[in-house]
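Shown next, in C-alpha cells, is the structure this report addresses.
2 protein chains.
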Amino acid sequence: MSNRIFGHISDYPEGSWFESRVALSQAGLHRPRIAGISGTESEGADSIVLSGGYEDDEDLGDEIVYTGHGGRDQDTGKQVASQKLTRGNLALAKSKLQGLPVRVIRGSTHKSDNSPPVGYRYDGLYRVEDYWQERGRAGYYIWRYRLVKIIENQTPSSPIATDNPATYLKPNRQEITVLRIVRDTKQARQIKVLYDYHCQVCGIRLQSNAGPYVEAAHIRPLGIPHNGSDSINNLICLCPNHHVLFDYGTFSIADDLSLLGIKGALTRVENHEINIDNLRYHREHYFSIQGEAN
Amino acid sequence: MSNRIFGHISDYPEGSWFESRVALSQAGLHRPRIAGISGTESEGADSIVLSGGYEDDEDLGDEIVYTGHGGRDQDTGKQVASQKLTRGNLALAKSKLQGLPVRVIRGSTHKSDNSPPVGYRYDGLYRVEDYWQERGRAGYYIWRYRLVKIIENQTPSSPIATDNPATYLKPNRQEITVLRIVRDTKQARQIKVLYDYHCQVCGIRLQSNAGPYVEAAHIRPLGIPHNGSDSINNLICLCPNHHVLFDYGTFSIADDLSLLGIKGALTRVENHEINIDNLRYHREHYFSIQGEAN
Numbered sequence: 000m001s002n003r004i005f006g007h008i009s010d011y012p013e014g015s016w017f018e019s020r021v022a023l024s025q026a027g028l029h030r031p032r033i034a035g036i037s038g039t040e041s042e043g044a045d046s047i048v049l050s051g052g053y054e055d056d057e058d059l060g061d062e063i064v065y066t067g068h069g070g071r072d073q074d075t076g077k078q079v080a081s082q083k084l085t086r087g088n089l090a091l092a093k094s095k096l097q098g099l100p101v102r103v104i105r106g107s108t109h110k111s112d113n114s115p116p117v118g119y120r121y122d123g124l125y126r127v128e129d130y131w132q133e134r135g136r137a138g139y140y141i142w143r144y145r146l147v148k149i150i151e152n153q154t155p156s157s158p159i160a161t162d163n164p165a166t167y168l169k170p171n172r173q174e175i176t177v178l179r180i181v182r183d184t185k186q187a188r189q190i191k192v193l194y195d196y197h198c199q200v201c202g203i204r205l206q207s208n209a210g211p212y213v214e215a216a217h218i219r220p221l222g223i224p225h226n227g228s229d230s231i232n233n234l235i236c237l238c239p240n241h242h243v244l245f246d247y248g249t250f251s252i253a254d255d256l257s258l259l260g261i262k263g264a265l266t267r268v269e270n271h272e273i274n275i276d277n278l279r280y281h282r283e284h285y286f287s288i289q290g291e292a293n
Numbered sequence: 000m001s002n003r004i005f006g007h008i009s010d011y012p013e014g015s016w017f018e019s020r021v022a023l024s025q026a027g028l029h030r031p032r033i034a035g036i037s038g039t040e041s042e043g044a045d046s047i048v049l050s051g052g053y054e055d056d057e058d059l060g061d062e063i064v065y066t067g068h069g070g071r072d073q074d075t076g077k078q079v080a081s082q083k084l085t086r087g088n089l090a091l092a093k094s095k096l097q098g099l100p101v102r103v104i105r106g107s108t109h110k111s112d113n114s115p116p117v118g119y120r121y122d123g124l125y126r127v128e129d130y131w132q133e134r135g136r137a138g139y140y141i142w143r144y145r146l147v148k149i150i151e152n153q154t155p156s157s158p159i160a161t162d163n164p165a166t167y168l169k170p171n172r173q174e175i176t177v178l179r180i181v182r183d184t185k186q187a188r189q190i191k192v193l194y195d196y197h198c199q200v201c202g203i204r205l206q207s208n209a210g211p212y213v214e215a216a217h218i219r220p221l222g223i224p225h226n227g228s229d230s231i232n233n234l235i236c237l238c239p240n241h242h243v244l245f246d247y248g249t250f251s252i253a254d255d256l257s258l259l260g261i262k263g264a265l266t267r268v269e270n271h272e273i274n275i276d277n278l279r280y281h282r283e284h285y286f287s288i289q290g291e292a293n
C-alpha cells in the first residue's frame, strides 16, 4: 500500500501558501513537481494544481470545471489528439467512484479571480461530482471534471462535543467524505408520481415503510458547464442502480428510446415529453464507448 | 394540491422570532397551533416545533434527534401505548423518502442550550437523515428521527453570478434539497475490495468506465444516538438498491445471516467478521414488521 493521503495534510491548513511547486511537493500537499494531477489509476487522485493549462476551465470558487491531461503537443500546447481515460484522468474518475476528497491548489498563473497573486495556495478539499468527455475546439475529445467544495462543518463523525475544540473540529476528516448526492425538486417529485415510483429501465419499485422509493435523474446535468434544465423533459425516473449506471454513462438512450450499452428500451408514459437534445447531450458526453473509440 | 410550502417562507428568514404559537401559525412557518409536526401522510412534513415534549430528545444544534407523537396519556403525559408510523410520524418519514426540507422551530420550553429564552425562533431547514423505532422507557415503541441542518451555501441551482446578490443567494431554495448521502471511509473502501465490488445480497457488480461501483452500508448507523462504529464488523457491501432497502428496514439480517423480509441469505467471505450485536440493533430499530405489530 502506498502512503498516499486523501484529505488534509497535518500542519498545512486550508489557505497555506507556497512559493513554488517544489515547496508544495515537499509539504506533501501535491507531490508531483510538474503534473497537474497527483494520483494513480488504482488509488485515485489525492490532489490537483490549477495553473491555467486549459482555456475552457471554469472556476466559480466553490465549483470548478477542470480538464484532464494528454493529447497536447509538447511544444505548441495545442490539442493534437483525444485525451484518454487513463493515468491522472482515470485517477480523478476513480476519486469520484470511491468518494475520495481531492486537495485543490491554485497557482498564480491560473486565470481566475480566485487565484493567489503569486505562488500557490492550498484551497481545501473538493469532491469530484461528475466527469464526462467533450469535443474540444480542435475537434478532439477531452475529459472534464466538475469539482465541488466539501463543506466541512457538517455532521462530524464524532458528534459529542469535547473540551478540546481542536479535536472536535477535525473529526477524522482525512477519511470522511460524501460519495453520492441526489437532489430532489418539485419537478423530480412530479416525475416520480407520473411513473408511480417505477424505474423506467427495469420496472422495479422499491418499497419502504413510508412508501415507495425511486430517484429522478437529470438527463443533461444541472449546473456549470452543462446547464441542463430542471424540467420534466430533462428528467427520467430510475431505481438507484440504474441511476448510478446512467450517471456514469454505462448506458445511454437513443432518440427512439432504445437503450445503448444494455438491452431493452426506456418505458415512457404518454404525457411525458423527453427533450431529444438532452438525450443527445448525454450520449455525446457520458456514454462510454463513443469517446474511448477515438 | 395543497399550498403547503416546503422550505423557507418569504419575509421570515432564519432567526425570525415569534411570541406565540399563534404568531408562528399566522406567519405560515408552522401552521398547526398545538401539534409539533406540520404535514400530512401524503405530502410529507414541512415543519416541526421543538418544545421539550420528550425527555429523550437530543439537540446538538446542527443535529437533532426528535421523537414522534402518539401513545401518551393526555393527562399524565406518560407513554401508555406504542407510537404508530401514521399521521405526523409518517409525514416526517415521507419527508426523508421525498428529500423534503423541514423547517425547525425551537421554543423556549425545549430543553437545550440552543433554545431561545422566550417565545419561538425559526432555526432554518433540516433534512430527515434517518428514522427508526425504539423501545422507550415504559416498554412501548416510539419513532425517532435524526435531523441534520441543510447547509445552504453549497451548489446553487443557478450558479452564474448575477448583479443582484439577493437573486444569487436565494436560488430556488424552497425546492432544492439533498435526498441521499452515502459517506465513504477507509473501512468502507476495504470492505468493497473484500467483496470485489459485489453486492452481498444479490451479487450484482455495477460497472462504470472508471471501474466497478458498490456502496458500503453501516449496519448500526454512525452518529447520535446510535453511535455505531466505522469498522469492518459493522459494514456490509451492497448495491445502491439493496442499500436503500436495508436503510429503510424493508429487509434485515438474522444472526445466521439469512435475510428477513426478502428471500435469500447474506453472502459472507471468511475473513469478514460481522458483529451480531449490530445485526440485532438493525433488526430492533429498522426492520419494519416488528414495531408495526405492536
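Line by line, the protein sequences give chains A and B. Note that numbering that gives the first Met the number 0 numbers the first sequence so that position 279 is 278, with each residue one more than the last. Note that numbering that gives the first Met the number 0 numbers the second sequence so that position 257 is 256, with each residue one more than the last. Glycine residues also receive a C-beta, built at the ideal position from the N, C-alpha and C atoms.
- For A/Tyr196, the closest alpha carbon among the candidates A/Thr184, A/Gln186, A/Val213 is that of A/Val213.
- Between B/Asn240 and A/Pro239, the gap from beta carbon to beta carbon is short of 9 Å.
- Taking C-beta atoms as the reference points, A/Tyr121 and A/Leu49 fail to come closer than 9 Å.
- Here A/Asp229 is buried. Its C-beta has 16 or more other C-beta atoms within 10 Å.
- Restricting attention to A/Pro224, A/Gly135, A/Ile104, the CA atom closest to the CA of A/Tyr11 is found in A/Ile104.
- Going by C-alpha positions, B/His284 is about 41 Å away from A/Ile252.
- The residue from B/Ala209, B/Ile223, B/Leu278 with its alpha-carbon nearest to that of B/Leu234 is B/Leu278.
- Not a single CB atom of chain B sits nearer than 9 Å to the CB of A/Ile8.
- Collapsing the DSSP output to three states places A/Phe286 in coil.
- Within chain B, the residues whose beta carbon sits less than 9 Å from that of A/Tyr247 are Leu205, Gln206, Ser207, Asn208, Ala209, Tyr212, listed in sequence order.
- Across the set B/Tyr194, B/Glu42, B/Gln25, the C-alpha of B/Glu42 shows the shortest separation from the C-alpha of B/Asn2.
- With a 10 Å radius around the Cβ and a threshold of 16 neighbouring Cβ atoms, B/Glu18 comes out exposed.
- Residue contact with chain B for A/Cys238: present (Cβ-Cβ distance below 9 Å to some residue of chain B).
- Annotation for A/Lys110: no alpha helix (DSSP H) segment contains it, and DSSP assigns it neither H nor E.
- For the stretch 74–98 of chain B, the set of positions with a beta-carbon nearer than 8 Å to some beta-carbon of chain A reads Leu84, Leu89, Ala92, Lys93, Lys95, Leu96, Gln97, Gly98 in chain order.
- Taken in chain order, the complete beta strand (DSSP E) segments of 3 or more residues contained in the stretch 222–250 of chain B are 234–237.
- Taking a C-beta cut-off of 9 Å against chain A, the contacting residues of the stretch 182–197 of chain B are Arg182, Asp183, Thr184, Lys185, Gln186, Ala187, Arg188, Lys191, listed in chain order.
- Annotation: the continuous beta strand (DSSP E) that includes B/Ser37 extends over 36–39.
- At least 9 Å separates the CB of A/Tyr119 from every CB of chain B.
- Interface with chain A (9 Å Cβ-Cβ cutoff): B/Tyr130 is included.
- Shown here, B/Asp276 sits in a helix according to DSSP, grouped into three states.
- Within its own chain, the residues whose Cβ lies closer than 8 Å to the Cβ of B/Glu57, once the five positions on either side in sequence are excluded, are Ile63, Val64, Ile223, Pro224, listed in chain order.
- B/Ile149: not part of any beta strand (DSSP E); DSSP gives it neither H nor E.
- Taken through DSSP and simplified to helix, strand or coil, A/Ser46 comes out as strand.
- Taking the Cβ atoms as the reference, A/Ile8 lies roughly 19 Å from A/Leu91, outside the contact range of under 8 Å.
- By the rule that beta-carbons nearer than 9 Å mark a contact, A/Ile150 touches chain B.
- Going by C-alpha positions, B/Val268 is about 16 Å away from B/Gln186.
- One alpha carbon belongs to A/Lys110, the other to A/Asp254, and they sit about 39 Å apart.
- B/Val127 sits close to B/Leu99, with the two beta carbons spaced by under 9 Å.
- Under the rule that a run must span 3 or more residues, the beta strand (DSSP E) segments found entirely inside the stretch 67–128 of chain B read 100–106.
- Contact check for A/Ala44 and A/Gly38: beta-carbon distance about 3 Å, within the 8 Å limit, so the pair qualifies.
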